[in-house]
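Student: Pasting a structure below so you can have a look.
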Amino acid sequence: MRQLVTVICALFMVSAVAQETTFKKFYKTHKEKSAFSLNLSASFAGSFLSDDDNEDLQKLLKKSGDFKLMVFNNEDASVSKDFKRYIRKYKLKTMVRFKGDDGKASFYILKKNDIVKEIILKANSDDDKLVLFGLKTNLTTDELAEMMSNSNINITTD
């Protein structure tokens, strides 16, 4: 019995370590370049929402693990270059790209089968700041598409 419990605990530990997001791996290799970082669980963030808040946001938080926000000083653009390699290595799909006068923003997903495992937002400005926001999720692609279609964000150009 003791051996069975030991084996089950060992399998649980291995699976917990294997579930680390690719985004956290990126952060770990670049944390010395980070000017600021914040890690927050989705359940904690969800406790600040009222029942009247956006239904899609509540669904997103229920199907999410944790958030990671990182701000980098990117004077030499090395973190941006490494992030581009990271996107190619893990085959992240670009969903949306925006470009404005003062900077750019991009929205990426990591998909396995029909499940969106990670959502990553990247924003950078002309003053050499790079902001990355990663979210571990368990959404289906249909759920994500529905959330995006329900969005009331309007994009306009001058």
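Those letters in the sequence shown? Residues -18 to -1, 1 to 140, by mature numbering (1 follows the signal peptide of the UniProt record, and there is no 0). Built from N, CA and C at the ideal position, the CB exists for glycine as well.
What is the residue span of the alpha helix (DSSP H) that Tyr68 lies within?
Tutor: From DSSP, the alpha helix (DSSP H) with Tyr68 extends over 60 to 71.
Student: Going by DSSP in three states, Lys45 sits in which element: helix, strand or coil?
Tutor: Coil at Lys45, not helix or strand.
Student: Can you tell me the Cα-Cα spacing of Asn56 and Thr76, whole angstroms?
Tutor: Their backbone Cα atoms lie some 21 Å apart in a straight line.
Student: Distance check for Ala127 and Asn95, CA to CA, integer angstroms please.
Tutor: So the two alpha carbons sit approximately 15 Å from each other.
Student: Just verifying my parser: in three-state terms, what is the DSSP assignment at Leu126?
Tutor: DSSP places Leu126 in helix when its eight states are reduced to three.
Student: What is the DSSP secondary structure of Asn132, reduced to helix, strand or coil?
Tutor: Reduced to three states, the DSSP call for Asn132 is helix.
Student: Any idea which residues DSSP pairs Leu20 with across the strands?
Tutor: Partner(s): Leu51.
Student: Can residue 200 and Leu117 be called in contact, C-beta distance under 8 Å?
Tutor: As displayed, the chain neither begins before -18 nor continues past 140, which places residue 200 out of reach and without an answer.
Student: Closer than 7 Å by C-beta to Ser46: which residues in its own chain qualify, once you throw out the five before and the five after it? Chain order, please.
Tutor: Cβ within range, chain order: Ala24, Leu117, Lys118, Thr119.
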